[in-house]
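I have placed the structure first, in the form of structure tokens, so that the comments after it can refer back to it.
So, in structure tokens, the structure goes:
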């Protein structure tokens, strides 16, 4: 896991990832997914590169990377390419930034759960208006994400 533990949103992403991996591993005798390390990549490409390079030294049989954002994932990808392991290791990132989407289209990143800032903004304004109109609003409102994969990138008109 290429983490950025200083950000609450990243802590929650990693927590959710670990919960799903734990549920997946329940009852399996073989084929379990093992998280070998959580390293602080600072949410930036250079640190993502460095922690991936270090991890590959200690774990040359690494099979997958979960990066908390696209810059971290792109740094990880560069380290994999330098080590000649880009075909061995799958990367799943987060955010769906334009550079990340382009890398997914090109097959360099496997997938990104993406958020929808426009929906988040509209929902936030609607809730603020409801609050000021005296309506009761929920303590938590979830805006669903979507998984962005290569087939999405191939159809995405915003990419080259």
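Numbering (this note's numbering), first residue to last: 523 to 682. Every residue, glycine too, gets a C-beta built ideally from N, C-alpha and C.
| Cβ atoms of residue 611 and residue 586: under 8 Å apart, would you say? | Taking the first residue of the chain shown as position 1, residue 586 is located at position 64. Taking the first residue of the chain shown as position 1, residue 611 is located at position 89. Their beta carbons are under 8 Å apart, which means residue 586 touches residue 611 by this criterion.
| said: I need the DSSP call for residue 544, collapsed to helix, strand or coil. | reply: On the chain shown, residue 544 is found 22 positions in, with the first residue counted as 1. Helix.
| request: Report the option in 563, 546 and 564 whose CA atom is closest to the CA atom of residue 556. | output: For this step, residue 556 is matched to residue 34 along the chain shown. The residue with the shortest Cα to Cα distance from residue 556 is 546.
| said: For residue 636 and residue 672, what's the separation of their Cα atoms in angstroms? | reply: Indexing the chain shown from 1 puts residue 636 at position 114. Indexing the chain shown from 1 puts residue 672 at position 150. Cα to Cα, residue 636 sits roughly 13 Å from residue 672.
| Top-ranked residue by Cα proximity to residue 529, from 566, 628 and 544 | By 1-based counting over the chain shown, the position of residue 529 is 7. Minimum Cα distance to residue 529 is reached at 566.
| query | With which residues is residue 749 paired in a DSSP beta bridge? | reply | With the chain covering only 523 through 682, there is no way to say anything about residue 749.
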